[in-house]
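Chains A and B supply the protein sequences, listed in that same order. Heads up, the first sequence is in our numbering, so the first residue is -12 and it goes up one at a time. Heads up, the second sequence is in our numbering, so the first residue is -12 and it goes up one at a time. Where is the CB? At the ideal position from N, CA and C, for every residue including glycine. As the structure is a prediction and not an experimental result, all values here were calculated from the model. Written out below as structure tokens is the structure these notes cover.
Protein chains: 2
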Amino acid sequence: MRTAQGARARARTEITAAIKDEARRQLAAEGAAKLSLRAVARALGMVSSALYRYFPSRDDLLTALIIDAYDSVGEAAEAANAAASGAEPLERWTAVCEAVRRWALAHPHEYALIYGTPVPGYTAPMTTVPAAARVGLVLIGIVRDAHERDGLTGPPLPAELRAEAERMTADLAPGLPPEVGAALVAAWAQLFGLVGFELFGQFNRVVEEREPFFRHAVVRLAHGIGLEA
Amino acid sequence: MRTAQGARARARTEITAAIKDEARRQLAAEGAAKLSLRAVARALGMVSSALYRYFPSRDDLLTALIIDAYDSVGEAAEAANAAASGAEPLERWTAVCEAVRRWALAHPHEYALIYGTPVPGYTAPMTTVPAAARVGLVLIGIVRDAHERDGLTGPPLPAELRAEAERMTADLAPGLPPEVGAALVAAWAQLFGLVGFELFGQFNRVVEEREPFFRHAVVRLAHGIGLEA
DNA sequence: GTCTATAACGAGATAGAC
DNA sequence: GTCTATCTCGTTATAGAC
């Protein structure tokens, strides 16, 4: 029983992985909009109906790929943070940002899947939320550590944003001053602006030395939150 | 002669516009990857081969849509800048950033076309460059005005970025200090990070009051370049 | 000269019968 | 699970209308 079940489960895991691998290949070749269960099945020598044993619909396959991508970049961010765990917060911040950028350059189509144009007709279910939050949580952790050590202040908030900044910060990063929380969320979005512009070609013929440019930019992002060397 | 030519030219302009309008409709419905000449022709009661009088290929139609989108957002930015021409640089900066955001929210699919995931199999020709540059040029103009009046300094450059910052600034915004030029390019990318995150759903359940949040973030972007109230 | 329509190509996806 | 008939697509050649 045990071995039989184990073997069955193992086979299922392997086939699921093979399906996702092939789907990722098609993602790269044709884009997420054209991802088709049939094409994946054909490439694997299966029949389309057989795929439904593993993914009940095309959207479920897409969701699995999205969660995998978020987990992959989140894991890269967490690993970079762990590798720099002894260092100053600013150093950890830049290490995490650079890990995100490196992951994006190494997995451009998966980056596009999660941070690029939404797939027409698809809306991500709530099950993607925990994976999607991982990079943000790493950044929050770094800033929280810095705050507990040095006491960050952050730039003064305009009156119109005060309540929202307090709500956001209580939700996402309780304990941080609302000025810091709002600045952190903005920096998070801006980080992906830098990555996306490089990846999607907006920096072509504009920025040549992308790595030092990026490093300097994210250091300044950190400064904007109050992280100092 | 004159009227005959005028009528012909007018008809051509009108049909060209109708083709692009229908193509934009399909862009919104299905995404750029699935834009099809035949479907556009069908919707217009034409035959696919007739479209080739107006656009020599599907990619040329896409290019026209891309240029139109860049021109549209560029025009919005220029108009906002002109409307605030008497105001302080910081105020002009935020007016332009808010105009870009408003344009993006009003034209999400065209935004996705130019700033989102690249269309698989399509590479934008050089003819898109002038239109693509317009928003950036508006921002450069504002910063240049501020520099000529107040003399901006910008944050110190790390040695590894010095040469690249000088090259970039000489190319894009001659006359500005390289510190300011590099900060400006980064702010340009970060601006679209904020817009893209809002538009593509990354701010869902994170940022509720987007307008004040955005305003505060772009003011801080301007501060990072040296623009003060 | 300027345009539209017909027909066809090769390639690929798809639906349904078997 | 396989096979086939029928769709889609971009693109071109050709013929004829204005």
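message: Taking contact to mean 3 or more Cβ pairs, one atom from each stretch, closer than 8 Å, check whether the stretch 90 to 107 of chain A and the stretch 18 to 25 of chain A are in contact.
response: yes
message: What does the Cβ neighbour count give for PRO43 (chain B), buried or exposed, with the cut at 16 atoms within 10 Å?
response: exposed
message: Let me confirm a value: ARG79 (chain A) is counted as buried when at least 16 other C-beta atoms fall within 10 Å, else exposed. Which label applies?
response: buried
message: Please return the same chain residues whose Cβ sits closer than 8 Å to the Cβ of GLU65 (chain A), not counting the five positions on each side in sequence.
response: ARG121, VAL125
query: Count the other CB atoms within 10 Å of the CB of VAL116 (chain B); is the residue buried (16 or more) or exposed (fewer)?
result: exposed
field: Contained beta strand (DSSP E) runs [length at least 3] in the stretch 50 to 119 of chain A, N- to C-terminal order
entry: none
- prompt: Among the residues of its own chain, which have a CB less than 7 Å from the CB of CYS84 (chain B), if the five just before and after it don't count?
  reply: LEU178, VAL205
- request: Might you give, ordered along the chain, the residues of its own chain that have their beta carbon closer than 6 Å to the beta carbon of ALA(-9) (chain B), omitting 5 neighbours on each side?
  value: At ALA(-9) (chain B), the pLDDT of 48 sits below 50, so the modelled position is not reliable; the number obtained from the coordinates is stated separately. Same-chain partners within the cutoff: there are none.
Chain A within 8 Å of LEU148 (chain B), Cβ atoms only: yes
query: What is the DSSP secondary structure of LEU22 (chain B), reduced to helix, strand or coil?
result: coil
- prompt: Rounded C-beta distance between GLU215 (chain A) and ARG197 (chain A)? I'm assuming under 8 Å.
  reply: That pair is no contact at about 25 Å.
task: List the endpoints of the continuous alpha helix (DSSP H) containing VAL194 (chain A).
output: Careful: VAL194 (chain A) lies outside any alpha helix (DSSP H) and carries neither H nor E.
field: Contact set between MET33 (chain B) and chain A, taken where Cβ atoms lie within less than 9 Å
entry: Residues of chain A passing the Cβ test: none, with the nearest at roughly 24 Å.
query: In three-state terms, what does DSSP make of ALA238 (chain B)?
result: There is simply no residue 238 (chain B) to check, as chain B begins at -12 and stops at 216 in what is shown.
- prompt: Can the beta-carbon of GLY141 (chain B) be found less than 8 Å from the beta-carbon of ALA170 (chain B)?
  reply: yes
message: Since LEU148 (chain A) and HIS203 (chain B) should fall inside the 8 Å C-beta cutoff, what is the C-beta to C-beta distance between them, to a whole number of angstroms?
response: 5 Å
Chain-order list of residues whose beta-carbon lies under 6 Å from that of PHE190 (chain B) (same chain, five-residue window excluded): PHE184
field: Under the three-state DSSP convention, the category ALA209 (chain A) falls into
entry: helix
Same chain only: Cβ atoms within 8 Å of ARG12 (chain A), ignoring 5 sequence neighbours per side: ALA30
- prompt: Should PRO199 (chain B) be flagged as near chain A, meaning a C-beta pair shorter than 8 Å?
  reply: yes
task: With a threshold of 16 other CB atoms inside 10 Å of the CB of MET155 (chain B), please say whether the residue is buried or exposed.
output: buried
message: For the alpha helix (DSSP H) containing GLU166 (chain B), name the first residue and the last one.
response: 165 to 186
- request: Using beta-carbon positions only, say whether ALA82 (chain B) and ALA63 (chain B) come within less than 8 Å of one another.
  value: no
message: So for ARG40 (chain B), helix, strand or coil by DSSP?
response: coil
message: Strictly below 7 Å CB to CB, what residues from chain A border GLU135 (chain B)?
response: None at all; the shortest Cβ gap to chain A is about 23 Å.
query: Contact check, ILE212 (chain A) vs VAL167 (chain A) under 8 Å by CB: the rounded distance?
result: 6 Å
field: Exposure of ARG40 (chain A), with buried meaning 16 or more beta-carbon neighbours within 10 Å
entry: exposed
field: Contact list for the stretch 169 to 184 of chain B against chain A, Cβ threshold 9 Å
entry: ALA169, ALA170, VAL172, ALA173, ALA174, TRP175, ALA176, GLN177, LEU178, PHE179, GLY180, LEU181, VAL182, GLY183, PHE184
- prompt: Short check: CB of ARG207 (chain B) to CB of ALA160 (chain B), under 8 Å?
  reply: no
message: Within 10 Å of its beta-carbon, does THR104 (chain A) have 16 or more other beta-carbons around it, so buried, or fewer, so exposed?
response: buried
message: Looking at the secondary structure, which residues open and close the alpha helix (DSSP H) in which GLU135 (chain A) lies?
response: 121 to 137
query: Roughly how many angstroms lie between the CA atoms of MET113 (chain A) and GLU151 (chain A), to the nearest whole one?
result: 23 Å
task: Consult DSSP for GLU215 (chain A) and reduce its assignment to one of helix, strand or coil.
output: coil
- prompt: If we call anything under 8 Å between Cβ atoms a contact, is LEU24 (chain B) one with LEU48 (chain B)?
  reply: yes
- prompt: Nearest to GLY73 (chain B) by CA position, among B:ALA133, B:HIS210, B:LYS7, B:PRO164, is which residue?
  reply: B:ALA133
task: Quick one: residues in its chain with C-beta nearer than 7 Å to the C-beta of PRO107 (chain A), no 5 flanking neighbours on either side, listed in chain order?
output: ALA20
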